[in-house]
Every structure is written in C-alpha cells, then in structure tokens.
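These notes concern the structure reproduced below.
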Amino acid sequence: MKAIVLQRSLDSKIQFVTLPKPVCQTNEVLIRIKAAALNHRDEWCRKGLYPNIQDGIVLGSDGAGIVEEVGAAVDPKLIGQEVMLNPALHWGDNEKAQGKNFEIIGMPRNGTFAEYVAVPADRVFPKPSHLSWEEAAALPLAGLTAYRAVAVQGKLKAGEQVLITGIGGGVAQFAAQFVLALGAKLFVSSSSGEKRAAALALGASEAFDYGVDNWSAAALESSGGMDLIVDGASGDTLSQLMNIAKPGGRLVFYGATRGNPPQLEARKLFWNQLQLIGTTMGTDQDFAEMLALVDRLQLKPRIDAVFPLNEAALALDRMKEGIQFGKIVLIP
Ligand SMILES: NC(=O)c1ccc[n+]([C@@H]2O[C@H](COP(=O)([O-])OP(=O)(O)OC[C@H]3O[C@@H](n4cnc5c(N)ncnc54)[C@H](OP(=O)(O)O)[C@@H]3O)[C@@H](O)[C@H]2O)c1
6 MKAIVLQRSL DSKIQFVTLP KPVCQTNEVL IRIKAAALNH RDEWCRKGLY PNIQDGIVLG
66 SDGAGIVEEV GAAVDPKLIG QEVMLNPALH WGDNEKAQGK NFEIIGMPRN GTFAEYVAVP
126 ADRVFPKPSH LSWEEAAALP LAGLTAYRAV AVQGKLKAGE QVLITGIGGG VAQFAAQFVL
186 ALGAKLFVSS SSGEKRAAAL ALGASEAFDY GVDNWSAAAL ESSGGMDLIV DGASGDTLSQ
246 LMNIAKPGGR LVFYGATRGN PPQLEARKLF WNQLQLIGTT MGTDQDFAEM LALVDRLQLK
306 PRIDAVFPLN EAALALDRMK EGIQFGKIVL IP
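Start counting the sequence shown at 6; every next residue gets the next number (the working numbering).
If you want it as structure tokens, here you go:
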C-alpha cells in the first residue's frame, strides 16, 4: 500500500513509500482509507518536537473509510461498513486525565496517511450520514479536543460570553461551532481579515485581530469581558487573554503553537479569581457526546483544502504556515 512515513533525514521530513498492507490482529479491523486529515501533531512530528517519535512510522491520526477485514474476535458484520475512527487509545479509568498508557494513532503506532490502517475494533464508529468522507475524516481528533475544551473542562453554560482564539485552526473551528450550538455568545480572534469576516458571517458577535498592539483592551471594552476563553496558541498572547477574562473567568488551553508564555502575571490571576485549565483530547464518553451533538445539529467540519496523499508535504507546509481555515485533508 502507499503511505506517508516520518523520515527526518529528508528535507521534507516525510517520505511517500510502498509498505505491506497491515495485518489485522485478533481485536482489530482493517480500514480502507477514503480520506485522512492533518493535525498539528503531524507537524510537531516532522519538527522532532513530539515525544517518542520514530522514523518509518505512518503519520496521521484522523481517518474515515470502509472496513475491509476483521480480526478473529471481531463481529464480521462490520465488514463493508463506512466508519470513522477515534484516534485516542487507552485513556484509562480517570475521567479527569488520561493514564500513562494513553496513546494516539499515528505515532508511535502506524496512522492514517495510507491506503489502509488497522485499529482496535472499539475505535471505529459509523460515519455520520450527513458528512462526506473528507468531513468525516476531519472530525475526530479536533472535534474531540474542542468538545472537551468547551463543554467538559470549560463547563460552558448557555448565555456565557466565549472567546475562541485563532479561528483558522482545526480545533478552533469546532470549538466555535460547539459554543454556538450550546447557546453561548461567540467571540473569535484571528490574524486574518478574511477569516474574521467569515467567522462573523457564521455567527460570531465580534472578531478581534490579535496582531494589533493592545487588542485586548479594545476587546474588553467592546465585549464587556469573557466568561470562558479557549486557546491553542499560548505564547505571549496569554497575558492579553488574561486581560479579557471577566473576574472569575476560565481560560482553557489545549496547545502551545506559539510556545511558552514569557511571563505569567500572578497578581492578575489571583486577584481576578481566574482559572487556568489544561485539556487534552478526551475520554470515550466525551467522544460519544461530541458525535451526538454533531449528529443532532448536523454540524459540519470546515474543510480548508484537499490534497492527494503523494502531496502530503505541501499539505503539511500549508498547516505549518498557519494559512488554513479549517481542516486539511489527504486522499490516498
Ligand atoms: N491537547 C490536545 O489534545 C491537542 C489537540 C489538537 C491540537 N493541539 C495543539 O493545539 C494547537 C492548535 O492545533 P490545531 O490542529 O487546531 O492547529 P492549526 O490548525 O495548525 O492552528 C493554527 C492556527 O493557530 C492560530 N494562531 C497562531 N498564532 C496565534 C496566536 N498568537 N493567537 C491565537 N491564535 C494563533 C492561527 O489562527 P489564525 O489564522 O486565525 O490567526 C492558525 O491558523 C497546536 O499546537 C496543536 O499541537 C492539542
């Protein structure tokens, strides 16, 4: 089968190769991939900034396709089913945080940037019928992360004011949709005028340009402050986000695209009774709740661009530059 593996000795850090078709283990299903989606994690692997990375592993956490074979312990009725997969493995017993065996499909185990992937049978779910292959592939990792950030860790209530930062990001676009779906008032930030205009058209009340000096003061003044802020950038915008939070506000972080914050204003944190909350992907229950919400409201992932598998390097470069609005998809 054709596949994209990590190969850090090459300039592009990845290689388009031919590998043997995976063998389905007892509790696994073999999926013929119809579409796979990028996540920033794939780029962190290219940069060598992800733990336990190995050259030769097939990248890609998200995918959707058709079950072609099942292992001896799996119901053969699954063969021929249209499915998408939950890339989170072995969360463990504690709802509050994943255990030490937690793993994500696509490193260190082989992922979805290939014609086939073998995954445990309990990781596959029927493809929502209102989604295309590209949309179904785009949903799982970012949808799960966004749902937990907004609804579980963020404990969003209807009527609250919520800022989703960097609306062009894969997770951010789902978070924005979930905020509106749950009856809250949506605010977004983006470096791009085009993305800000699109977010307003989709229902955001205001869209801020985080590239402008002191944007947070203007945002606080016009909005009156945020009950909840969901951010995947961290870096030097963290202190600005703390300015926009209402007293008692919650700031939920799922990523650090811009690195660590250079400073943390402890006085602002304790005096304003702010809560800084971390979040990562989600439990199986979070995944089920996210799917139910997507299904009930017929929500659709925003697809930024679709590339053939052999152009994965171009697709990853697009994500590295941050020019996308929504999810980038590969078709094997
Ligand atoms: N913890 C988890 O489970 C988890 C899951 C998924 C992702 N992540 C992490 O979360 C981050 C985002 O992931 P993603 O896949 O959604 O990434 P992505 O699609 O690559 O997001 C890139 C976006 O980040 C925004 N951005 C860049 N600098 C910013 C800043 N200073 N302030 C606000 N926004 C900024 C830009 O938005 P604009 O173009 O609109 O300016 C850009 O489009 C990555 O670091 C990723 O590793 C973590």
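Built from N, CA and C at the ideal position, the CB exists for glycine as well.
Cβ-heavy atom distance, residue i to ligand 1, below 7 Å
i    : result
S195 : yes
A177 : yes
Q329 : yes
M295 : no
R46  : yes
Q110 : Reading the sequence as shown, one finds Ile at residue 110 and not Gln. I110: no, Cβ never under 7 Å from ligand 1.
L35  : no
G237 : yes
I58  : no
L68  : Note on residue identity: the sequence assigns Gly, not Leu, to residue 68. No, Cβ of G68 sits at least 7 Å from all heavy atoms of ligand 1.
M363 : Outside the displayed span of the chain (6 to 337) sits residue 363, for which this structure offers no information.
T288 : no
T117 : no
L298 : no
I172 : yes
Exposure of residue i, with buried meaning 16 or more beta-carbon neighbours within 10 Å
i    : result
R51  : buried
V63  : buried
S14  : exposed
N106 : exposed
L304 : buried
V34  : buried
Beta carbon of residue i nearer than 8 Å to that of residue j
i    : j    : result
T284 : R153 : yes
G171 : A238 : yes
Q280 : L256 : yes
G68  : I36  : yes
I110 : V124 : yes
I336 : L314 : yes
V88  : P131 : yes
P339 : L144 : As shown, the chain starts at 6 and ends at 337. That puts residue 339 outside it, with no answer to give.
A212 : S227 : no
V155 : V235 : yes
V22  : A8   : yes
Where residue i sits in the DSSP three-state scheme
i    : result
F2   : Since the first and last residues shown for the chain are 6 and 337, residue 2 lies out of range.
Q12  : coil
L168 : strand
V235 : strand
Q30  : coil
A123 : strand
Q20  : strand
| query | At which residue ranges does the segment 193 to 231 contain complete beta strand (DSSP E) runs of 3 or more residues, listed in the order of the chain? | reply | 211 to 213
| message | Which complete alpha helix (DSSP H) runs does the segment 36 to 108 hold, if anything under 4 residues is left out? | response | 45 to 51
| field | alpha helix (DSSP H) runs contained entirely in the segment 237 to 325, provided each spans 4 or more residues | value | 243 to 249, 271 to 276 and 289 to 301
| query | Quick one: complete beta strand (DSSP E) runs, 3+ long, within the segment 123 to 153? | reply | 129 to 131
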